[in-house]
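Chain order of the listed sequences is A and B. When we follow our numbering, the leftmost residue of the first sequence carries the number 8, and every step to the right adds one. When we follow our numbering, the leftmost residue of the second sequence carries the number 145, and every step to the right adds one. Here a beta-carbon is modelled for each residue, glycine too, at the ideal position from N, C-alpha and C. On a predicted model such as this, the values are computed, not experimentally measured, just so you know.
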Amino acid sequence: MKKLQFYHIALIIFLCFGLTIGISQLTGYWATGPKKEGTTLLTNGAGQYNPYDLRGSNTIDDVLTIFNIPKEDFYTGLNIPSDVCGTTFLKDLNSAEETTVESTITHGGVESVREFVANYIGYTGTEQEAKNQQNATNQATPTDQSVATSQPVTTSQPAYEGAEKSVNTETPAIDSNSKAPNSTDIGAKKGSTTTQQNRTAHDKETQQGQQTTEPKSQTASSSTTPTPVKPVEPKKTSSENTDKPTTATAAEGTTKTNQEPGAEHIADTHNGTGQGQQGSSPSISTSTTGRDPHGTTTLAEVYSWGITQKALEETYHIKFADLNLTPEKTLRDLADAVGVNMPQVKQVIESLLK
Amino acid sequence: MKSPKIRYTVQIFFLVLVLIFAVNHMAQEKGWNALKILPFNANLHALCPLGGVETLYTMVTNDTLVKKVHTSSIVLMWGSLLLAVILGAAFCGWLCPFGTIQEFLGRLGKKLFGKRYNRFIPAKVGHYLQYLRFVLLAIILWQTAETGKLFFGSWDPYHTLFAIASSEITITALIILAVTLLASLFEERAWCKFACPLGAINGLFNKVSLFKIRRNAAQCIDCANCSRQCPMKIDVAQREKITSTICLRCGRCLSACPAKSDTLEYQIGKYSEVK
Numbered sequence: 008m009k010k011l012q013f014y015h016i017a018l019i020i021f022l023c024f025g026l027t028i029g030i031s032q033l034t035g036y037w038a039t040g041p042k043k044e045g046t047t048l049l050t051n052g053a054g055q056y057n058p059y060d061l062r063g064s065n066t067i068d069d070v071l072t073i074f075n076i077p078k079e080d081f082y083t084g085l086n087i088p089s090d091v092c093g094t095t096f097l098k099d100l101n102s103a104e105e106t107t108v109e110s111t112i113t114h115g116g117v118e119s120v121r122e123f124v125a126n127y128i129g130y131t132g133t134e135q136e137a138k139n140q141q142n143a144t145n146q147a148t149p150t151d152q153s154v155a156t157s158q159p160v161t162t163s164q165p166a167y168e169g170a171e172k173s174v175n176t177e178t179p180a181i182d183s184n185s186k187a188p189n190s191t192d193i194g195a196k197k198g199s200t201t202t203q204q205n206r207t208a209h210d211k212e213t214q215q216g217q218q219t220t221e222p223k224s225q226t227a228s229s230s231t232t233p234t235p236v237k238p239v240e241p242k243k244t245s246s247e248n249t250d251k252p253t254t255a256t257a258a259e260g261t262t263k264t265n266q267e268p269g270a271e272h273i274a275d276t277h278n279g280t281g282q283g284q285q286g287s288s289p290s291i292s293t294s295t296t297g298r299d300p301h302g303t304t305t306l307a308e309v310y311s312w313g314i315t316q317k318a319l320e321e322t323y324h325i326k327f328a329d330l331n332l333t334p335e336k337t338l339r340d341l342a343d344a345v346g347v348n349m350p351q352v353k354q355v356i357e358s359l360l361k
Numbered sequence: 145m146k147s148p149k150i151r152y153t154v155q156i157f158f159l160v161l162v163l164i165f166a167v168n169h170m171a172q173e174k175g176w177n178a179l180k181i182l183p184f185n186a187n188l189h190a191l192c193p194l195g196g197v198e199t200l201y202t203m204v205t206n207d208t209l210v211k212k213v214h215t216s217s218i219v220l221m222w223g224s225l226l227l228a229v230i231l232g233a234a235f236c237g238w239l240c241p242f243g244t245i246q247e248f249l250g251r252l253g254k255k256l257f258g259k260r261y262n263r264f265i266p267a268k269v270g271h272y273l274q275y276l277r278f279v280l281l282a283i284i285l286w287q288t289a290e291t292g293k294l295f296f297g298s299w300d301p302y303h304t305l306f307a308i309a310s311s312e313i314t315i316t317a318l319i320i321l322a323v324t325l326l327a328s329l330f331e332e333r334a335w336c337k338f339a340c341p342l343g344a345i346n347g348l349f350n351k352v353s354l355f356k357i358r359r360n361a362a363q364c365i366d367c368a369n370c371s372r373q374c375p376m377k378i379d380v381a382q383r384e385k386i387t388s389t390i391c392l393r394c395g396r397c398l399s400a401c402p403a404k405s406d407t408l409e410y411q412i413g414k415y416s417e418v419k
C-alpha cells in the first residue's frame with residue numbers, strides 16, 4: 008500500500024507535463040503557433056478563391072482585392088463604418104449582429120466576412136468542400152503537388168489561424184490600383200514559400216523554373232510570413248483582372264502561360280495589401296536566376312538583360328528623365344508612372360527580350 | 145494533516161504562467177513592446193489541453209488540426225491524460241488556472257454567505273446537473289468535428305478571461321464568463337461542477353486512476369470533516385474510495401481529516417481490514 012504526500016503529487020504533476028513538453032520540444036513537435044507561414048486561398052474547380060479560408064489576420068483590403076468586391080458593397084453589406092480603414096484585421100470586425108446579409112451568419116468578425124464574401128461572389132464550393140480540398144492538398148506530398156498544377160498550392164500545414172503571422176494578407180491582391188512600390192512581388196517571398204510545394208509545382212509548370220514569380224508565394228509582409236500565392240484569379244473578373252482569361256486553370260491544367268499572366272497579375276496587384284508589405288521587399292524577383300521580370304525588378308536589371316532605356320521610352324512614349332525613372336526604380340514604379348498594370352509591363356519586357 | 149500550501153503554490157504557479165503567456169500574446173497583438181516578456185508567442189488555445197481533445201477527430205481522419213489549435217495543445221492533452229491515469233482529475237484540482245480563479249472567488253463567497261455558501265443548489269439537483277458536463281463535451285466534440293473549427297472557442301470562459309483584451313472575444317463569451325464568475329460566489333467551482341468539458345474527461349479517469357483517495361473505515365472517527373470540506377459536495381465520510389467523476393483530487397478532505405495517518409489517504413491499493 009503506497010500513499011502519496013502532497014509534495015509527491017506536485018512532483019508527479021511537474022514530471023508529467025515536463026516530460027511530455029520536453030520530449031515534444033526535443034523532437035520538434037512542440038509548436039504554439041503556425042509552423043508554416045502562409046496559407047493559400049484555395050480555389051474550387053471553377054477557379055474561385057475560397058472565402059472560407061480567410062483568416063482573422065487578413066485585412067479588409069485583402070478581401071476587397073482578392074475577391075474584387077467594391078468597398079462600398081463590402082462596407083454596406085457588413086455594416087462597417089466608413090471610417091474603418093482597409094488595414095483593419097478581419098478579426099477586429101465584431102459585427103455579426105449588425106450584418107445585413109441574409110445568410111446564416113451567426114458569428115462575428117471573420118465568420119461574417121467569410122459568409123458575406125461567399126454569398127457575394129456566389130462561391131460554388133461549400134465550406135466542407137473547401138475544407139476537404141484544403142485537407143487533401145495538405146496531405147499531398149511535394150511531388151504530388153507538383154503534378155497537380157491546377158491545384159492551388161497550399162501549405163501542408165493544418166489549417167490553423169496564425170493571427171500573429173497574419174499571413175494571408177499576402178494573398179494576391181488583385182488590385183491594380185495598389186500603389187505599393189516596395190511591396191514585394193508575389194514571387195518574392197523570401198523564403199516564404201509556403202512551401203517547396205509551391206516552387207516545385209511552379210517549376211513543373213514552367214518547365215524552366217523561371218517563373219518563379221509564381222511561386223505563388225506571396226511575399227509576406229515584413230511582419231509575417233509569406234503566403235503562397237494563389238494560382239489563378241477567380242473567374243469573377245473585374246475590369247482589373249483581365250489580362251488573361253484566368254479561370255478554371257484547373258480545367259485547363261493550367262499551362263504556364265495561363266497562369267503566368269494571371270499570377271503575375273495577382274502577384275502584382277497583391278502588393279497593396281495592408282500588411283505593411285514594405286518591409287519585406289527584398290523582393291525575390293531580383294534574385295531570380297533567369298530574366299524574370301517582377302514588380303520589384305529594377306530598371307537596372309532590365310537594362311542588364313539587354314533592353315535599353317530608349318526602347319522602353321519608345322514603347323511607352325515617355326521620357327524617363329521626366330518621370331524620374333532612374334535605374335534604381337522598379338518595374339512597378341514604371342507601371343505606376345505610365346499608368347498601366349504590371350502584367351502589361353511584363354509583356355512588354357518579355358516581348359523586348361525576344 | 146496535510147498542509148494545503150503546496151497545492152496553493154502549484155495553483156498559483158500555473159496561474160501566473162498562463163497570465164504571462166496571455167499578457168505576452170496580447171502585447172504581441174497590440175504591439176505593446178514593453179509587455180512582451182517572452183521571446184516567443186503563444187495564444188491561449190495553444191495552452192489548453194482541451195484543444196488537443198477537440199482536434200483529435202480531424203487529426204485522425206484528416207491529419208490536420210482544427211484552426212487555432214497547435215501541436216502544443218496535443219502535447220498538453222497527453223500530459224493531462226498521463227496525469228489523469230496516475231492521479232485522476234488532479235489537473236482540475238491542482239493546475240487549471242480557471243479553477244484557481246473560481247476558488248479565489250469562492251473564498252469571497254464564503255465570506256459573504258458564510259455557511260450558506262456552496263449550499264444554494266440542493267445536493268440531489270447538483271448530482272444530476274453534473275452530467276451536463278458530458279452533454280456539453282459531446283456537443284463540443286461533435287460540432288468541432290463537423291465544422292473543423294474551434295466550436296468551443298467562441299464561448300470558452302477560460303479563454304475569454306485570459307484573453308479579455310483581445311479582439312476575438314464575443315459578447316456571448318463575456319456573458320458566459322460573467323455568469324460563471326458570479327456563480328462561483330454562490331457555488332464553489334460552479335463551472336467545474338456543471339459545465340467543464342475537460343473536467344468531464346479528467347473525471348472519468350477517477351474511476352481507473354492508479355492512485356485514489358481511500359478511507360480506512362476501521363480507523364475513521366466519523367467526524368465527517370472531510371465531507372464538509374469537499375468543494376464538490378462528495379460524501380467522503382460514507383465511502384471507502386472516492387471515484388466520483390466530479391472529484392477534483394484537490395486533497396481538501398485529506399487536509400481536513402483530524403484522525404491519525406492512514407485513515408484518509410491518496411494511495412494505491414486498499415486498506416487491509418483491521419478488526
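Name the residue from T305/A, D80/A and I314/A whose alpha carbon lies nearest to the alpha carbon of A342/A.
For the residues T305/A, D80/A and I314/A, the minimum Cα distance to A342/A belongs to T305/A.
By the 8 Å beta-carbon criterion, what residues does the stretch 23-41 of chain A contribute toward chain B?
The residues in question are C23, F24, L26, T27, I28, S31, Y36, W37, A38, T39, G40 and P41.
When the distance is taken between beta carbons, is F74/A closer than 8 Å to Y59/A?
No, the pair does not count as a contact, with Cβ atoms beyond the cut-off.
Residues in its own chain within less than 6 Å of R359/B by CB, not counting five upstream and five downstream?
If we look at R359/B and ignore the five residues flanking it on each side, its Cβ neighbours are E384 and L408.
In chain B, which residues lie with their C-beta within 9 Å of the C-beta of Q12/A?
Ordered by position in chain B, the residues that pass the 9 Å Cβ test against Q12/A are K146, I150 and Y410.
Rank V70/A, E321/A, N348/A and Q12/A by C-alpha distance to the C-alpha of L359/A and give the top, closest one.
It is E321/A whose Cα lies nearest to the Cα of L359/A.
Examine chain A for any beta-carbon lying closer than 8 Å to the beta-carbon of W222/B, and answer yes or no.
Interface residue, yes.
What span of residues does the alpha helix (DSSP H) with R277/B cover, start to end?
Its alpha helix (DSSP H) spans residues L276 to T291.
In this structure, how does DSSP classify F327/A when only helix, strand and coil are distinguished?
F327/A: coil per DSSP, three-state reduction.
Could you compute how far the alpha carbon of V91/A sits from the alpha carbon of P148/B?
Going from the Cα of V91/A to the Cα of P148/B covers about 52 Å.
Got a sec? Which residues, its chain only, sit under 6 Å from I250/B by beta carbon, not counting five neighbours each side?
In the sequence on display, residue 250/B carries Gly and not Ile. So the qualifying residues of the chain are S328 and E332.
One question on the structure: do G63/A and L85/A come within less than 8 Å of each other, judged by their Cβ atoms?
No, the Cβ-Cβ distance between G63/A and L85/A is not below 8 Å.
Taking DSSP's pairing of strands, which residues face I412/B in a bridge?
Note: I412/B sits in a beta bridge opposite K9/A.
Identify which residue in R121/A, Q354/A and W312/A has its Cα closest to the Cα of Y323/A.
Nearest option by C-alpha distance: Q354/A.
Let me know the beta strand (DSSP E) ranges lying completely inside the stretch 328-415 of chain B, each 3 residues or longer, listed in chain order.
Fully enclosed beta strand (DSSP E) runs of 3 or longer: 356-359 and 408-412.
Just to make sure I have the definition right: I need the residues of chain A whose C-beta is within less than 7 Å of the C-beta of H451/B. Which are they?
Any question about residue 451/B goes unanswered here, given that chain B covers just 145 to 419.
Per the DSSP calculation, T66/A is bridged to which residue(s)?
In DSSP, T66/A forms a bridge with F96/A.
Tell me T337/A's beta-bridge partners as DSSP assigns them.
T337/A is bridged to T305/A.
From the DSSP output, in three-state form, read off Y310/A for me.
Y310/A: helix per DSSP, three-state reduction.
Could you tell me the alpha carbon to alpha carbon distance between I150/B and Y14/A, rounded to whole angstroms?
Roughly 7 Å separates the two Cα atoms.
Report yes if the CB atom of C391/B is closer than 8 Å to the CB atom of G243/B, and no otherwise.
Not a contact, by the Cβ cut-off of 8 Å.
With a threshold of 16 other CB atoms inside 10 Å of the CB of Y410/B, please say whether the residue is buried or exposed.
The residue in question, Y410/B, is buried, as its Cβ has 16 or more Cβ neighbours within 10 Å.
Going along chain B in order, which residues have a C-beta closer than 8 Å to the C-beta of A17/A?
The answer, in chain order, is I150, R151, T153, V154 and W238.
So is D379/B buried or exposed if we call it buried at 16+ other beta carbons inside 10 Å?
Burial call: exposed.
Compare the Cα-Cα distances from L225/B to each of N346/B, D207/B and K146/B and report the closest residue.
Looking at the Cα atoms, N346/B is the closest of the given residues.
Considering only the alpha carbon of each residue, which of G223/B, M203/B and A234/B lies closest to V154/B?
Closest by alpha carbon: A234/B.
How would you list, in chain order, the residues of chain B whose beta-carbon sits under 7 Å from the beta-carbon of I20/A?
Here the neighbours are V154, L227, A234, W238 and L239.
From K293/B to D207/B, what does the alpha carbon distance come to, in whole angstroms?
Answer to the nearest angstrom: the Cα atoms are 14 Å apart.
Hey, could you find the ends of the alpha helix (DSSP H) I245/B is sitting in?
Start and end: P241 to F257.
Here's a check: name, in chain order, each residue in its chain whose Cβ is nearer than 6 Å to the Cβ of S216/B, leaving out the five neighbours to either side.
Closer than 6 Å at the Cβ level, and outside the excluded window around S216/B, lie A190.
So is Q32/A buried or exposed if we call it buried at 16+ other beta carbons inside 10 Å?
Flag for Q32/A reads exposed.
When you compare the CB of V108/A with every CB in chain B, is at least one pair closer than 8 Å?
Unreliable positioning characterises V108/A in this predicted model, as indicated by a pLDDT of 41, which lies under 50. A coordinate reading is not provided.
Alpha carbon to alpha carbon, how far is H214/B from F158/B?
For H214/B and F158/B, the distance between alpha carbons rounds to 20 Å.
Do G223/B and I16/A have their C-beta atoms within less than 8 Å of each other?
Contact flag unset, no.
According to DSSP, simplified to helix, strand and coil, what is Y56/A?
In the structure shown, Y56/A sits in a strand (DSSP, three-state: E or B).
Going by CA-CA distance only, name the one from R393/B, I412/B, K404/B and K414/B that's closest to G237/B.
Of the candidates R393/B, I412/B, K404/B and K414/B, the one whose C-alpha sits nearest the C-alpha of G237/B is R393/B.
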